[in-house]
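Structure, as structure tokens:
Chains as they are written, first to last, in the UniProt record's numbering: chain L, 1 to 227; chain A, 1 to 227.
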């Protein structure tokens, strides 16, 4: 789950815009690129929003990152991919990623919350037509699931490439939003006899389950131990 | 994380519509209400999509469920809440929930995937103005985080209720989509020497961390053991 960092000396933060400054809890917003990349890279799916017939549509989908560009792929028949290919000059989208880190149980119902880290990307999605960029994007999508995996699988063949649409979304108008820390109850509620505290969510992996038809002698690869 | 079931004999499934029948992998779509409820109830956040100035916006947010109605709350100043209060007859939204259950590592890059369970709800969000419904919704939001918690916290007072906006979204145009099972490689790839299989994601909780200012003698509640 690692994007490929470009070895350039770009600005370290995204420039806030009207759309990326929240109307509330602005102190939770962040624009640091490294932080944004880390939140994106840790997520298996994003939620891609677009407008169809005037109404919003939000679909979960896999994605990959190469430097300051996100890639989403899908069947050439899938709606957002097809719509991007037909849109000129591209499809307005909003791509959002969220991690829930802990439950915050306050003494007051009002102050119940969660600790989370999210990234919201506003922008325009463009169809990727260059074969080289398409291959790079597909590698990034596989690397996003498990780092090291793209070199340990059969690359897409011509037929598969033709059946796959890829869209790109550049990271320009981007913000992270985070809640960390503990319970924020009102001072006058501290003496109440309700338990309050933080319940951290634990994330991990169970042991890999090998496909029953593995070629003889194929072992679980070492890079899965790094997950 | 339990919605309150209404003891009525409603239809057991949502009626598919043009928007809830996927253009591809239609065999993964499901409309069973119990399944949809279970996927919703297991999620801490949903991704709420709406249209602002013609562009899509997707924000993560807490939610609750009471029977066939979802509730989202927020500050009266937050954008989707404020927009819903100003919209007549309501704000078109799309609310999506996704669980990632396993990584699917195929021999071919093309067949890499994840096992997931998602629910997509299309509809119109309405501002909740009835004080009783608002209280019911806020209880459901707290119960959604931890079942049993709404009775073990101080209910919202007048000032908090006034500062909180609640919107409702009825479950009418709803679909679930799931991928389960193992690797689906092409027959001619089975002999390749790449490992293939399923990596299940493990989810759980770490031990609750008590707030440092708990009233003396306040113990970790039993319902947290049921998480």
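Where is the CB? At the ideal position from N, CA and C, for every residue including glycine.
Residues that residue i contacts on chain A, provided the C-beta gap is smaller than 7 Å
i, result
"residue 149 (chain L)", "105"
"residue 213 (chain L)", "190"
"residue 206 (chain L)", "200, 202"
"residue 182 (chain L)", "211"
"residue 66 (chain L)", "The premise fails here: residue 66 (chain L) is roughly 15 Å from chain A at the closest Cβ pair, so nothing lies under 7 Å."
Residue i: contacting residues in chain L (beta-carbon distance under 9 Å)
i, result
"residue 114 (chain A)", "44, 45, 62, 145"
"residue 283 (chain A)", "Nothing in the structure corresponds to residue 283 (chain A), since chain A is present only between 1 and 227."
"residue 174 (chain A)", "The contacting residues do not exist; residue 174 (chain A) stays about 13 Å from chain L at best."
Reference residue i; option with closest CA among the options
i, options, result
"residue 122 (chain A)", "A:95, A:28, A:63, A:204", "A:95"
"residue 146 (chain A)", "A:44, A:213, A:24, A:40", "A:44"
"residue 185 (chain A)", "A:194, A:108, A:210, A:201", "A:108"
"residue 22 (chain A)", "A:83, A:118, A:124", "A:118"
"residue 31 (chain L)", "L:120, L:182, L:159", "L:120"
"residue 143 (chain L)", "L:64, L:49, L:227", "L:64"
"residue 40 (chain A)", "A:155, A:80, A:58, A:66", "A:66"
"residue 194 (chain L)", "A:38, A:187, A:216, A:191", "A:216"
"residue 197 (chain A)", "A:26, A:93, A:103, A:50", "A:103"
"residue 74 (chain A)", "A:180, A:138, A:206", "A:138"
"residue 11 (chain L)", "L:206, L:55, L:172", "L:172"
"residue 35 (chain A)", "A:68, A:59, A:76, A:112", "A:68"
"residue 78 (chain A)", "A:89, A:60, A:88, A:70", "A:60"
"residue 182 (chain L)", "L:191, L:106, L:208, L:133", "L:106"
"residue 211 (chain A)", "L:76, L:178, L:192, L:211", "L:192"
"residue 47 (chain L)", "L:82, L:136, L:16, L:99", "L:99"
"residue 26 (chain A)", "A:135, A:97, A:92, A:179", "A:179"
"residue 85 (chain L)", "L:128, L:55, L:29", "L:128"
"residue 233 (chain L)", "L:72, L:13, L:201, L:37", "Residue 233 (chain L) cannot be examined here, being either before or after the span of chain L that is shown, 1 to 227."
Outcome for residue i when other beta-carbon atoms lying within 10 angstroms are tallied against a minimum of 16
i, result
"residue 176 (chain A)", "buried"
"residue 115 (chain L)", "buried"
"residue 227 (chain A)", "exposed"
"residue 140 (chain A)", "buried"
"residue 159 (chain A)", "exposed"
"residue 166 (chain A)", "buried"
"residue 168 (chain L)", "buried"
"residue 156 (chain A)", "buried"
"residue 49 (chain L)", "buried"
"residue 20 (chain L)", "buried"
"residue 18 (chain A)", "exposed"
"residue 151 (chain L)", "exposed"
"residue 125 (chain A)", "buried"
"residue 8 (chain L)", "Summary for residue 8 (chain L): the model assigns pLDDT 49, below 50, so the residue's position carries little reliability; its value from the coordinates is reported in the next sentence. Flag for residue 8 (chain L) reads exposed."
"residue 203 (chain A)", "exposed"
"residue 187 (chain A)", "exposed"
"residue 189 (chain A)", "buried"
"residue 24 (chain A)", "exposed"
"residue 207 (chain L)", "exposed"
"residue 80 (chain A)", "buried"
"residue 5 (chain A)", "Caution applies to residue 5 (chain A), whose pLDDT of 49 falls short of 50 and renders its modelled position unreliable; the value that the coordinates give is listed next. Looking at its Cβ environment, which holds fewer than 16 other Cβ atoms inside 10 Å, residue 5 (chain A) is exposed."
8 Å Cβ cut-off: residues of chain L touching residue i
i, result
"residue 127 (chain A)", "Those within 8 Å of residue 127 (chain A) in chain L number zero; the least Cβ separation is about 17 Å."
"residue 210 (chain A)", "195, 196, 197"
7 Å Cβ cut-off: residues of chain L touching residue i
i, result
"residue 17 (chain A)", "Under the 7 Å cutoff, chain L gives no residues; its nearest Cβ is about 12 Å from residue 17 (chain A)."
"residue 131 (chain A)", "Here the premise fails: no neighbours, minimum Cβ distance about 15 Å."
"residue 100 (chain A)", "44, 45"
"residue 178 (chain A)", "Neighbours of residue 178 (chain A) on chain L: none; closest Cβ ~11 Å, over 7 Å."
"residue 109 (chain A)", "138, 142, 150, 153, 154, 155, 156"
Counterpart residues of residue i in DSSP-defined beta bridges
i, result
"residue 173 (chain L)", "L:122"
"residue 29 (chain L)", "L:177"
"residue 104 (chain L)", "L:113, L:198"
"residue 61 (chain A)", "A:46"
"residue 75 (chain L)", "L:164"
"residue 70 (chain A)", "A:65, A:169"
"residue 204 (chain A)", "L:202"
"residue 150 (chain L)", "Bridge partners of residue 150 (chain L): none, in fact."
"residue 52 (chain A)", "A:55"
"residue 92 (chain L)", "L:124"
"residue 209 (chain A)", "L:198"
Neighbour list for residue i in chain A, Cβ cutoff strictly below 9 Å
i, result
"residue 120 (chain L)", "57, 58, 59, 60"
"residue 222 (chain L)", "Within 9 Å Cβ-Cβ: nothing; residue 222 (chain L) doesn't reach chain A, min ~10 Å."
beta-carbon residue i near the ligand PLP non-hydrogen atom, thresh 7 Å
i, result
"residue 177 (chain A)", "For the ligand PLP, the structure offers nothing, since it holds no ligand at all."
Short CB-CB distance (under 8 Å) between residue i and chain D
i, result
"residue 171 (chain L)", "Included in the structure are the protein chains L and A, with no chain D among them."
- [ ] For the stretch 20-42 of chain A, enumerate the residues whose C-beta is nearer than 9 Å to any C-beta of chain L, in chain order.
- [x] Answer in chain order: 22, 23, 24, 25.
TODO: Identify each residue in the stretch 191-204 of chain A for which the Cβ-Cβ distance to at least one residue of chain L is less than 8 Å, and report them in chain order.
DONE: Close to chain L, meaning a Cβ-Cβ distance shorter than 8 Å, are the following residues of the stretch 191-204 of chain A: 191, 192, 193, 194, 195, 196, 197, 198, 199, 200, 201, 202, 203, 204.
Open item on the list: Residues of the stretch 78-97 of chain L in Cβ contact with chain A at a cutoff of 7 Å, in chain order, please.
Closed with: Of all residues in the stretch 78-97 of chain L, the ones placed with a Cβ closer than 7 Å to any Cβ belonging to chain A are 78, 79, 92, 93, 94, 96, in chain order.
- [ ] Could you list the residues in the stretch 153-168 of chain L with a C-beta less than 7 Å from some C-beta on chain A, going in chain order?
- [x] Cβ proximity to chain A below 7 Å picks out 153, 154, 155, 156, 160 from the stretch 153-168 of chain L.
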